[in-house]
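Student: Sharing a structure with you now.
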Amino acid sequence: MSDATRPAPALISIVIAALDVKGIIDVQLTALAQQDYDGAFEVVVADNGSTDGLEQFLRHHPLRDRLRLSCVDASDAPGVSHARNVGVARSAGEFVAFCDADDRVRPDWLRHLAAAAMRFDAVAGGLDGRPLSSERAVAWRPLSDVTAQPKSANARFPWGGGGNMGIWREVFDEIGGWDTTYVYALEDMEFSWRLQLRGYSLGWEPRAVVDYRLRDDLRSLWRQSFAYGRGEVQLYRDHRATCMSGRPVAYLVLMLVLIVIRNPLLPTTLTRLPRGQWLWHVSALTGRVAGSREFNVFYV
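Heads up, the sequence shown is in this note's numbering, so the first residue is 11 and it goes up one at a time.
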């Protein structure tokens, strides 16, 4: 609500929503232990119902003391939004930073995020899909410039990824936290827009980078893209009156033409689209169709 400079936070709480990540979360925890940030921080892992022994694994983790690491039970409702809310409720910091269990923060991530936080109510940074992902995965889902803040063409406000965002606790509480009706995807867009609709500032710090792990198999890619497509419709239902416009029919026609003429069964020289990239578009469209039926609003 104010761009006035705030004092540096006395304690930052890093909240990680987690589900069955025992085999992969060490990458992120090790990266957090290597931060060059001089201030105090704690790490709160919100377990959303893991069955792989995650809680016991973290209880005896070698970095537990160094990270002020705790694991809290967030299994009473599904979804990353609920888990993050539980994690924040059990945290002690006046500033809260969010990252994901399967990604990797850069060594200077928290330092840059904390510095930017003194100028904004909330701040986000970029996601780089290249360092942790295979060439195939990068070809399937090319991400935008890691230094540029994302903004959809039909949206009023920019947004920040939930896996690389920070917010002052008092602001988080005032806007009501993460919307738990967004169970599967795009909770970060909804959160970013609602924050700005309330008059708060969302800053962008391009130096606060997180290495993002892209989906490496077609089934996971399909599920993620379908969830994004469905989530777009939910966003449109909730925010069409304030910050999101519909798409012209020409967009649907263009998507259908692209899907047909770039079918991966055709020679690659004709399609010029990797199979996964084509599948991403098909799945997103399928998700928007399903979402239009579920939320009783047309958005494809």
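Idealized CB from N, CA, C, for every residue including glycine.
So, for H291: in the same chain, excluding its five sequence neighbours on each side, which residues have a beta-carbon less than 7 angstroms away from its beta-carbon?
Tutor: Here the question's residue 291 lines up with position 281 in the sequence shown. Contacts found: M265, L268 and I269.
Student: Which residue wins for smallest C-alpha separation from V54, given the options D183, I24, S143 and W214?
Tutor: By 1-based counting over the sequence shown, the position of residue 54 is 44. Answer by Cα proximity: I24.
Student: If you measure between the beta carbons of A50 and L21, is that distance less than 7 angstroms?
Tutor: Residue 50 sits at position 40 when you count from the first residue of the sequence shown. Residue 21 sits at position 11 when you count from the first residue of the sequence shown. In this structure, L21 lies closer than 7 angstroms to A50 by Cβ.
Student: Can I34 and D112 be called in contact, C-beta distance under 7 angstroms?
Tutor: Start at 1 with the first residue of the sequence shown, and residue 34 comes out as number 24. Start at 1 with the first residue of the sequence shown, and residue 112 comes out as number 102. It is a contact, given that the beta carbons lie within the stated cut-off.
Student: For the beta strand (DSSP E) holding V54, just list the boundary residues, first then last.
Tutor: By 1-based counting over the sequence shown, the position of residue 54 is 44. Per DSSP, V54 belongs to the beta strand (DSSP E) from A50 to D57.
Student: So, using beta-carbon positions, are A56 and V31 closer together than 7 angstroms?
Tutor: Taking the sequence shown and counting its residues from 1, the one referred to as residue 56 is at position 46. Taking the sequence shown and counting its residues from 1, the one referred to as residue 31 is at position 21. For A56 and V31, no; Cβs fall outside 7 angstroms.
Student: What did DSSP end up calling G176 once you bin it into helix, strand or coil?
Tutor: Locating residue 176 in the sequence shown gives position 166, counting from the first residue. G176 falls in the strand class under three-state DSSP.
Student: Kindly list the residues whose CB is nearer than 7 angstroms to the CB of Y47, restricted to its own chain and excluding five residues on each side of it in sequence; keep chain order.
Tutor: On the sequence shown, position 37 is the one that residue 47 refers to. Within the same chain, Y47 has close Cβ partners L120, R121 and A124.
Student: Suppose only complete runs of 4+ residues qualify. What are the alpha helix (DSSP H) ranges in the region 122-193, listed by chain order?
Tutor: Counting whole runs of 4 or more residues, the region 122-193 contains the alpha helix (DSSP H) stretches 145-150 and 179-185.
Student: How many angstroms separate the CA atom of W288 from the CA atom of V156?
Tutor: For the purposes of this step, residue 288 is identified with residue 278 of the sequence shown, where counting begins at 1. For the purposes of this step, residue 156 is identified with residue 146 of the sequence shown, where counting begins at 1. Using only the alpha carbons, I get a separation of about 23 angstroms.
Student: My understanding is that F305 touches R247, with C-beta atoms under 8 angstroms, so please give their C-beta distance in whole angstroms.
Tutor: Locating residue 305 in the sequence shown gives position 295, where the first residue counts as 1. Locating residue 247 in the sequence shown gives position 237, where the first residue counts as 1. That belief holds up - the Cβ atoms of F305 and R247 are roughly 5 angstroms apart, short of 8 angstroms.
Student: Alpha carbon to alpha carbon, what distance is there between S255 and V243?
Tutor: For the purposes of this step, residue 243 is identified with residue 233 of the sequence shown, where counting begins at 1. For the purposes of this step, residue 255 is identified with residue 245 of the sequence shown, where counting begins at 1. Distance between the alpha carbons of V243 and S255: 11 angstroms.
Student: On the criterion of 16 or more Cβ atoms from any shown chain inside 10 Å, does A147 qualify as buried, or is it exposed?
Tutor: Residue numbering aside, residue 147 sits at position 137 when the sequence shown is read from its first letter. Classification for A147: buried.
Student: To which residues does DSSP link F305 through a beta bridge?
Tutor: The count along the sequence shown starts at 1 and reaches residue 305 at position 295. DSSP lists no partner for F305.
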